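Taking it in order: structure first as structure tokens, then the write-up.
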Amino acid sequence: MSPPMPRSLHPPFLLATAAILALGIASTYGGGAALAPLLAMASLLALAIAWRRVARVAHAGDRAQTALLRSTQDTLALLRLTESLQRCRAVEEVAHVVEDVARKLLPGASGTLRLLSPGDEAQVLSWGPGAPDCTARADACPALRQGRMQVQADHRPCPLADRCGATLCLPVAAEGVVHGVLLLGGKIAPRAAQAQKMALAMAEATAFALETLAIRESLRGQALRDPLTGLHNRRFLDEAAGTLARHAARREAPLAVAVLDVDHFKRLNDEHGHAVGDAVLRDIGALLATRLRRSDIACRYGGEEFVIVLPDCDAVQAWGRMDELRRLI
239 MSPPMPRSLH PPFLLATAAI LALGIASTYG GGAALAPLLA MASLLALAIA
289 WRRVARVAHA GDRAQTALLR STQDTLALLR LTESLQRCRA VEEVAHVVED
339 VARKLLPGAS GTLRLLSPGD EAQVLSWGPG APDCTARADA CPALRQGRMQ
389 VQADHRPCPL ADRCGATLCL PVAAEGVVHG VLLLGGKIAP RAAQAQKMAL
439 AMAEATAFAL ETLAIRESLR GQALRDPLTG LHNRRFLDEA AGTLARHAAR
489 REAPLAVAVL DVDHFKRLND EHGHAVGDAV LRDIGALLAT RLRRSDIACR
539 YGGEEFVIVL PDCDAVQAWG RMDELRRLI
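239 is the number of the first residue of the sequence shown in the working numbering; add one for each residue after it.
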């Protein structure tokens with residue numbers, strides 16, 4: 239079944255049909271010789287108008303089909319972006335996935351993904367010629383302060399845009415946590431509206447991926463630490479011991495391992511209760527955390543037993559350091 243004729247084509251086709259019928263009647267019954275040329279011209283004019291409108295409708299249909307195809311392609315690209323980001327296991331992987339998809343979604347655009355860290359340092363990944371470069375602190379970035387996209391073409395553009403070369407500046411944030419900022423520049427003006435839509439989707443997907451990584455890392459940290467003392471646990475020691483030993487062997491450096499066992503701990507619990515026993519273990523954990531070197535690893539191995547790994551420390555040095563800890567405890 240063919241689709242119905244658009245309403246805009248009804249009048250010219252009706253006019254052309256009426257003119258052709260009138261011309262036929264005049265030719266058949268005679269007496270219309272004087273009107274025949276006028277009727278023929280009217281029918282031709284009506285047909286020309288009709289076919290012009292047909293061309294317009296067809297062109298509009300082609301444009302709609304092209305727009306639909308482009309929208310479908312962009313949607314599929316964003317779905318692939320989300321799937322790829324969900325498979326990432328490190329921040330560096332997230333940055334490279336964003337770069338790869340941005341090159342496809344925004345051809346001709348250049349960009350910079352600036353990931354903020356708790357300190358002053360930031361991880362930066364840029365792509366494309368003349369990529370935007372903004373070194374402003376988070377509290378000086380309007381996009382981060384206001385929590386929304388900044389467009390250079392707006393009536394109140396970002397005051398830093400001329401300096402960094404960004405056309406679009408978007409916060410990368412999820413669940414109220416700001417992970418960074420996405421800067422886009424280059425040749426994106428011809429598709430400004432579409433570019434903004436794609437950029438917003440990219441920033442949201444990136445923020446979600448980074449938030450997932452942060453949660454995963456937090457859960458892993460909790461799984462590898464003892465909740466009572468805050469020290470590493472036995473699982474962490476099992477994972478790290480082999481690596482530490484191989485590293486020491488390659489460097490031909492000494493590696494000391496010490497086991498600490500708290501004397502009379504059962505009697506302490508029996509006479510004063512488990513709350514006091516827990517307090518003693520917490521205090522020992524805090525002492526180890528503050529008295530050891532940054533390269534040393536202290537673990538609660540189980541119960542009142544602790545294991546300390548001391549890289550670059552021979553037996554004589556380890557004995558002296560452990561005796562000092564014994565006296566402090």
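The C-beta atom is built at its ideal place from N, Cα and C for all residues, glycine as well.
Please read these numbers as outputs of a predicted model, since none were measured by experiment.
Exercise for review: Kindly identify the DSSP beta-bridge partner or partners of Glu542.
Suggested key: Answer by DSSP bridge pairing: none, since Glu542 is not bridged.
Point to revise | Backbone secondary structure at Met560 - three-state DSSP | key: helix
Point to revise | Enclosing alpha helix (DSSP H) for Ala496 [first to last residue] | key: From DSSP, Ala496 is part of no alpha helix (DSSP H) but of the beta strand (DSSP E) over 493-499.
Exercise for review: Going by DSSP, name the residue or residues bridged to Arg352.
Suggested key: According to DSSP, residue pairing for Arg352 in a beta bridge involves Val362, Val419.
Check your understanding: Which word fits Gln555, buried or exposed, when buried means at least 16 other C-beta atoms lie within 10 angstroms of its C-beta?
Key -> By the Cβ-count criterion, Gln555 is exposed, with fewer than 16 other Cβ atoms from all chains shown falling within 10 Å of its own Cβ.
Exercise for review: Specify the secondary structure class of Ile426 as computed by DSSP and reduced to three states.
Suggested key: coil
Review point. For Asp371, which residues of its own chain have a beta-carbon under 6 Å away from its beta-carbon, when the five flanking residues on both sides are left out?
Key: Spatial neighbours of Asp371 in its own chain (CB-CB distance under 6 Å, excluding positions within 5 residues in sequence) are listed in chain order as Cys402.
Check your understanding: From this set, Glu490, Ala479, Gly540, which residue's C-alpha is nearest Val500's C-alpha?
Key -> Gly540
Check your understanding: Which residues mark the beginning and the end of the alpha helix (DSSP H) in which Leu343 is found?
Key -> 329-343
Practice item. Please report how far the alpha carbon of Leu328 lies from the alpha carbon of Thr350, in whole angstroms. Key: Checking the sequence shown, residue 328 turns out to be Ala, not Leu. Take the alpha-carbon of Ala328 and the one of Thr350: they are about 18 Å apart.
Point to revise | For Leu548, the residue or residues it bridges with in DSSP | key: Ala494
Review point. Looking at the structure shown, is Leu319 part of a helix, part of a strand, or coil, going by DSSP?
Key: helix
Exercise for review: Pull up the distance between the alpha-carbon of Leu421 and that of Leu406, whole angstroms please.
Suggested key: 6 Å
Review point. Are Ile546 and Ile535 closer than 9 Å when you measure CB to CB?
Key: Result yes, Cβ atoms of Ile546 and Ile535 sit closer than 9 Å.
Practice item. Determine the direct distance from the alpha carbon of Glu413 to that of Ala404, and round the result to whole angstroms. Key: Those two C-alpha atoms are separated by around 25 Å.
Review point. Helix, strand or coil for Pro380 per DSSP?
Key: helix
Review point. If you run the structure through DSSP and keep just helix, strand and coil, what is His502?
Key: It is coil, neither helix nor strand.
Check your understanding: Can you name the residues that DSSP bridges to Leu457?
Key -> For Leu457, DSSP assigns no beta-bridge partner whatsoever.
Point to revise | Collapsed DSSP secondary structure at Cys537 in the structure displayed | key: strand
Exercise for review: Drop a sphere of 10 angstroms on the beta-carbon of Ala381, count the other beta-carbons inside from all chains shown, and report buried for 16 or more, exposed for fewer.
Suggested key: With at least 16 other beta carbons inside 10 angstroms of its own, Ala381 counts as buried.
Check your understanding: Mind checking Arg352: buried by the 16 CB within 10 Å criterion, or exposed?
Key -> buried
Check your understanding: CB-CB under 8 Å to Leu566, same chain, minus the five flanking residues each way: which ones, in chain order?
Key -> Around Leu566: Leu525, Arg529.
Check your understanding: Would you report the Cα separation of Ser348 and Thr373, rounded to the nearest angstrom?
Key -> 17 Å
Point to revise | Close beta carbons around Ala445, own chain, < 7 Å, minus the five adjacent residues each side | key: Take Ala445, set aside five residues on each side of it, and the residues of its chain with a beta-carbon closer than 7 Å to its own are Val410, Ala411, Ala412, His417, in chain order.
Point to revise | the stretch 448-458 touching the stretch 473-492, judged by at least three CB pairs closer than 8 Å | key: In short, these stretches do not touch, since the Cβ pair count stays below three.
Point to revise | Inter-residue Cα distance where the pair is Cys537 and Phe544 | key: Near 6 Å, if we compare the C-alpha coordinates of Phe544 and Cys537.
Practice item. Please work out which residues of its chain come closer than 6 Å, Cβ to Cβ, to Arg318, disregarding the five sequence neighbours upstream and downstream, and give them in chain order. Key: none
Review point. Do you know offhand how far Gln390's Cα is from Gln324's?
Key: Approximately 31 Å between the Cα atoms of the pair.
Point to revise | Arg532 (DSSP reduced to helix, strand or coil) | key: It is coil, neither helix nor strand.
Practice item. Return the residue from the list Leu475, Met440, Asp516 that minimises the CA-CA distance to Pro465. Key: Asp516
Exercise for review: Look at the alpha carbon of Ile453 and the alpha carbon of Leu462, and state the distance between them as a whole number of angstroms.
Suggested key: 14 Å
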